[in-house]
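Undergrad: First the structure, then my questions, so here it is.
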């Protein structure tokens, strides 16, 4: 699962390709992906956020869980999130700890990619997406989501259920 997201992290962000659904006929599984979009771009790091869920068959069903993925892209081989992987989301004053993220690291064309994954109940994603004020904390990094970020999360949540 990490490699899928890591490869998306270096892709161009096309608005029409932001949310993708693919059906694997051999496994009889449909996967819906919100391609990671830029949360913050700093001099030495770009941090992106994406989401993914899957279900059996072709008929859309309300997911029980969603995987949130945070992708850090950097030109330097620094392990920014090796020891600081705790993910907390604060939305409309409510703080929810999503625990330690699963982390993987790889390099691709001189870019170092750290991927952090957390699985959360779909209802929690809905609360986050529909909130007015959202801050994501990953380790020592804190990012306040813009209205554009929240619009993308709402679109993904809506696509996953309708």
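Numbering (the numbering used here), first residue to last: 1 to 162. For glycine and all other residues, C-beta sits at the position ideal for the given N, C-alpha and C.
What separation, rounded to the nearest whole angstrom, lies between the Cα atoms of residue 101 and residue 119?
TA: If you number the chain shown from 1, residue 101 lands on position 101. If you number the chain shown from 1, residue 119 lands on position 119. Rounded to whole angstroms, residue 101 to residue 119 spans 8 Å at the Cα level.
Undergrad: Under the assumption that residue 116 contacts residue 32 (Cβ atoms under 8 Å), give the Cβ distance between them as a whole number of angstroms.
TA: Taking the chain shown and counting its residues from 1, one reaches residue 116 at position 116. Taking the chain shown and counting its residues from 1, one reaches residue 32 at position 32. No, residue 116 and residue 32 are not in contact; Cβ-Cβ is about 20 Å, not under 8 Å.
Undergrad: May I have a chain-ordered list of the beta strand (DSSP E) segments no shorter than 3 residues that lie completely inside the stretch 31-70?
TA: Counting only runs of 3 or more, we get 46-56.
Undergrad: Helix, strand or coil for residue 129, going by three-state DSSP, please let me know.
TA: Working through the chain shown from its first residue, we reach residue 129 at position 129. Here residue 129 sits in helix by DSSP.
Undergrad: Under DSSP, the beta strand (DSSP E) around residue 159 begins and ends at which residues?
TA: Sequence index remark: in the chain shown, residue 159 carries index 159 (1-based). Here residue 159 belongs to no beta strand (DSSP E); instead the alpha helix (DSSP H) covers 147-161.
Undergrad: Go ahead and pull the three-state DSSP assignment for residue 101.
TA: The count along the chain shown starts at 1 and reaches residue 101 at position 101. It is coil, neither helix nor strand.
Undergrad: For residue 94, count neighbouring C-beta atoms within 10 Å of its own C-beta (all shown protein chains included) and say buried if the count is 16 or more, exposed if not.
TA: Residue numbering aside, residue 94 sits at position 94 when the chain shown is read from its first letter. Per the 10 Å Cβ criterion, exposed.
Undergrad: Using the beta-carbon count (16 or more within 10 Å), is residue 151 buried or exposed?
TA: Indexing the chain shown from 1 puts residue 151 at position 151. By the neighbour-count rule (16 or more Cβ atoms within 10 Å), residue 151 is not buried but exposed.
Undergrad: Quick check: what's the CA-CA separation for residue 48 versus residue 137?
TA: Position 48 of the chain shown, counted from the first residue, corresponds to residue 48. Position 137 of the chain shown, counted from the first residue, corresponds to residue 137. Roughly 13 Å separates the two Cα atoms.
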